[in-house]
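J.: Counting from -10, one number per residue, gives the positions in the sequence shown under this note's numbering. Glycine residues also receive a C-beta, built at the ideal position from the N, C-alpha and C atoms. The structure presented is a predicted model; accordingly, all values stated were derived computationally and were not measured. Right, I'll just put the structure down here and ask away after.
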Amino acid sequence: MHDDIDFDENCDPNNPRKIRYDDILAASRRIMGSVIRTPCTKAHMSEKLGMEIYLKQEFLQYTGCFKERGVRNTLMLLTEEQKKYGVIAASSGNHAIAMSYHATQLGVPFVVVIPANAAINKINKCEKLGAKVIMHGANIFEARLHAMGISKEKKMLYVNGYGAFLPTYLYFHFIISLMQFNFYEYVTFFSYDHPNVIEGQGSIGIEIIEQLPSVDAILVPVGGGSLVTGIAIAAKHLKPDTEVYGITTDKTCSMVEALRKNERIKLEIDTTIADGLAVNMVGVNTFYNLKGVVDKMIVVKEDWVARAILHLIEDERYLVEGAGAVPVAAIMAGLFPNLKGKKVVCVLSGGNIGTTVLSRALERGMAAEGRLVKFKVTVNDRPGGMADLCALLAGIGVTVRDCIPERAWVKGDVFSVEIRVICETRGWDHTKEIMEQIKKHFKEYFFQDMSERTDKNAGTRRGPCLAPNPVCMQK
C-alpha cells in the first residue's frame, strides 16, 4: 500500500498510463446508445470567418456536457462489489449532474455532497436525476472532505470531480485536513486524468472522423486535458494528417505553462468566464499522452470568449458555456491563418452556463464589438435639454439602454446637467457616428475608451508546438 494520502495507482506520476486507440474504440462501443452521438454540422459563420467550420455539439448531451462519456465508461467498468456499495462524489457542477444521471441509469447507488454555495438549479437537477444529495460545508473543499468520510464508512468508491481551481493556500489546508484520516483506499484523484475517463472522451474523436472524413483540423477546449488527449489519439490513429489544437484562455492556461516548463505545475487561477477549464494542475496521464498527438496549444483572451458566446447565439442559435466557446473564440481572434479555406471542427464541449454569467458575457461581447456604448455628456438643464439629446440619438437609430442625470457633481453652471448614457448600436461605424454627432452638438462630453484594439491580436499568444514533425501554424 502506498504511503501518500493522495496516491492513485491509475494516476501515478512515476508510472503514467499509456492511452491506446483500441481502448478508446472499446469505450466508444461500450457507451454507444447510452450517450448521444452529437451532430457535427457546418456553421453559418463559416463564410464570414474564411474557413469551413463544423460544430461538434456536445452541449446536446442529456446533462449538457461531454463529461457524460467518461463518466459512463468509468461506471460501466466498476466491479460488482463497487456497484453494490455505490459511488460518492463532491461536486457542484457538471461532474455531479453527469454522475447522477448515469449512475441512476445503471442502478448504481450514488451520493453527491454539495456545498451550501452551490447553485439551486444544479442541486435540484441532481435530485431529479436520482442522486442522494447531502448539503454540507461552506465550499467544495469541505464538501469533499465530508464525502471522503462517508466513502470510508460506507465503503463507497469516491469518484473525484475535481476540476475547479484551487488556490495554493486552500490546497495545502485541504491536504493537511485529509491527513487526519485514512481514506486512500477509497479515493480516486483527478477524475479527468483517469484512463477510463480519457478513453470515454476519445469517443468524440472517432465520431468526428466518421462524420467528416475529410476534416483538416480539430479545435478542442483544454482544462485538465482528458478531452483533447482522447480526441487527438483517436483522430490521429484514424486520419494521421489531421491537425489537433488545444485551446485555452489567458486565465486558465495551466496546460500551456506545464508544457513550457516540461513539468506539471500548480497555476493560480482567478475568476474566469471559462470556469470549465479552470484546472490549476493538469493530469498525469493527460500530460504524458498529449505530447506528439496534439499539434499546438493556443491561448485566447477572455474578451474573445464573450464575443464567441454572443455570436454562437446570434449566428447559430446555440447556447454554449465559456469553456465550450473557446475554439470559436480562437478562430474569431485570428489565431489560425494557416486554416483559411480548410475544414475545421470546433468541439463545443458544454452548454451549462448560468443566466448571470450569460447576461454578463453578452454585454461584454457587445461592448467589445462597439455595439454597447457608454458615455457622459453635459446638456442644458432646462425643459427640452434631455429631450434634445434623446431626439439626436433616436435620429441616428440608436437604442438607449440607460440614461441617468447627475447634477450635484457638475462644476460651474447650475443650469447644466451631466447625463450618463448607455446605448446600443449596430457596430463600430455606428458608434463613430454617435461620437461625431455628440462632439458636433455639445461642448462637454466623455466617451469610454472606444478604440478597436479588441479587433486586433495584441495580447494573444500561442503555446509550445508539440508535434514531432511540426506543420502547424504555417501560412
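In terms of residue numbering, what span does the beta strand (DSSP E) encompassing Q200 cover?
T.: Counting along the chain, Q200 falls outside any beta strand (DSSP E), though it belongs to the alpha helix (DSSP H) covering 192 to 200.
J.: Quick one: is the Cβ of I20 within less than 7 angstroms of any heavy atom of the ligand GTP?
T.: Ligands displayed in this structure: none; no statement on the ligand GTP is therefore possible.
J.: Roughly how many angstroms separate the alpha carbons of E47 and L266, rounded to a whole number?
T.: Going from the Cα of E47 to the Cα of L266 covers about 15 angstroms.
J.: Might you give, ordered along the chain, the residues of its own chain that have their beta carbon closer than 8 angstroms to the beta carbon of G96, omitting 5 neighbours on each side?
T.: Excluding positions up to five away in sequence, the list reads K72.
J.: What do you reckon, are the CB atoms on V283 and V217 nearer than 8 angstroms?
T.: Cβ atoms of V283 and V217: closer than 8 angstroms.
J.: Can the beta-carbon of K329 be found less than 8 angstroms from the beta-carbon of G39?
T.: Yes, the Cβ-Cβ distance between K329 and G39 is below 8 angstroms.
J.: Alpha carbon to alpha carbon, how far is N369 from M375?
T.: If I take the Cα positions, the gap works out to 8 angstroms.
J.: Looking at the unbroken alpha helix (DSSP H) that takes in Q71, where does it start and where does it end?
T.: Q71 -> alpha helix (DSSP H) spans 69 to 74.
J.: Between which residues of its own chain and P247 is the CB-CB distance below 7 angstroms, once the five residues before and five after are set aside?
T.: Per the sequence shown, the amino acid found at residue 247 is Ala instead of Pro. Excluding positions up to five away in sequence, the list reads R253, I254, V271, F276.
J.: Using 8 angstroms as the threshold, is the C-beta distance between R296 and E352 below it?
T.: It is not a contact, given that the beta carbons lie outside the stated cut-off.
J.: What beta strand (DSSP E) runs, 3 residues minimum, are completely inside the region 204 to 234?
T.: Counting only runs of 3 or more, we get 206 to 210.
J.: Mapping the DSSP letters down to three states, classify R415 as helix, strand or coil.
T.: It is coil, neither helix nor strand.
J.: How far does the alpha helix (DSSP H) with D391 in it reach, from first residue to last?
T.: Where D391 is concerned, there is no enclosing alpha helix (DSSP H), although the beta strand (DSSP E) it sits in stretches over 388 to 395.
J.: Per DSSP, which residues does T30 bridge with? Please list them.
T.: Paired residue(s): L44.
J.: Determine whether the beta carbon atoms of A79 and V102 lie at a separation below 8 angstroms.
T.: Closer than 8 angstroms, so yes.
J.: Along the chain, where does the beta strand (DSSP E) that runs through I123 open and close?
T.: Element bounds for I123: 121 to 124.
J.: What does the Cβ neighbour count give for F435, buried or exposed, with the cut at 16 atoms within 10 Å?
T.: Exposed, since its Cβ has fewer than 16 Cβ neighbours within 10 Å.
J.: In whole angstroms, what is the alpha-carbon distance linking A32 and I320?
T.: Their Cα atoms are separated by approximately 13 angstroms.
J.: Can you list, in chain order, the residues of its chain with a C-beta nearer than 8 angstroms to that of I165? Leave out the 5 residues immediately preceding and following it.
T.: Residue placement at I165 cannot be trusted, given a pLDDT of 42 that sits under 50; what the coordinates show is reported in the next sentence. Once the five neighbours on either side are set aside, I165 has no close Cβ partner at all.
J.: Taking Cβ positions, are C335 and L44 nearer each other than 8 angstroms?
T.: Cβ atoms of C335 and L44: closer than 8 angstroms.
J.: Classify F276 as helix, strand or coil using the three-state DSSP reduction.
T.: F276: helix per DSSP, three-state reduction.
J.: Please name the residue in V309, K37, C54 whose C-alpha comes closest to that of V24.
T.: With distances taken between Cα atoms, V24 lies closest to C54.
J.: With a CB to CB cut of under 7 angstroms and the five nearest residues on each side skipped, what residues in its chain are close to K240?
T.: Once the five neighbours on either side are set aside, the close Cβ partners of K240 are I258, D259, T261, E291.
J.: Any idea which residues DSSP pairs I342 with across the strands?
T.: Paired residue(s): none; I342 is not in a bridge.
J.: Just confirm the distance between the C-beta atoms of I423 and I385, as a whole number of angstroms; I'd bet it's less than 8 angstroms.
T.: Between I385 and I423 the Cβ distance is about 7 angstroms, and since that is below 8 angstroms, they are a contact.
J.: Could you name the residues that DSSP lists as bridge partners for S467?
T.: The structure shown does not extend to residue 467, since the chain is modelled only from -10 through 464, so no value can be given for it.
J.: Does the Cβ-Cβ distance between H430 and M34 come in under 8 angstroms?
T.: No. Outside cutoff.
J.: Kindly indicate which three-state DSSP category T241 falls into: helix, strand or coil?
T.: T241: coil per DSSP, three-state reduction.
J.: With which residues is F435 paired in a DSSP beta bridge?
T.: Answer is K365, bridged to F435.
J.: So what does DSSP say about I262, is it helix, strand or coil?
T.: Correct three-state label for I262: coil.
J.: Alpha helix (DSSP H) containing L301: first to last residue?
T.: First-last for L301: undefined, no H or E at that position.
J.: How should P202 be labelled, buried or exposed, when 16 other C-beta atoms within 10 angstroms of its C-beta is the threshold for buried?
T.: Exposed.
J.: Applying the criterion that 16 or more other CB atoms from any shown protein chain within 10 Å of the CB defines a buried residue, is T68 buried or exposed?
T.: Under this definition T68 is an exposed residue.
J.: List the DSSP bridge partners of L337.
T.: DSSP lists Q46 as partners of L337.
J.: Looking only at its chain, what residues have a beta carbon closer than 6 angstroms to the beta carbon of L66, apart from the 5 residues adjacent to it on each side?
T.: Result list for L66: N185, in chain order.
J.: Over the uninterrupted beta strand (DSSP E) stretch that includes K37, give me the two end residues.
T.: Note, K37: premise wrong, no beta strand (DSSP E); alpha helix (DSSP H) at 35 to 38.
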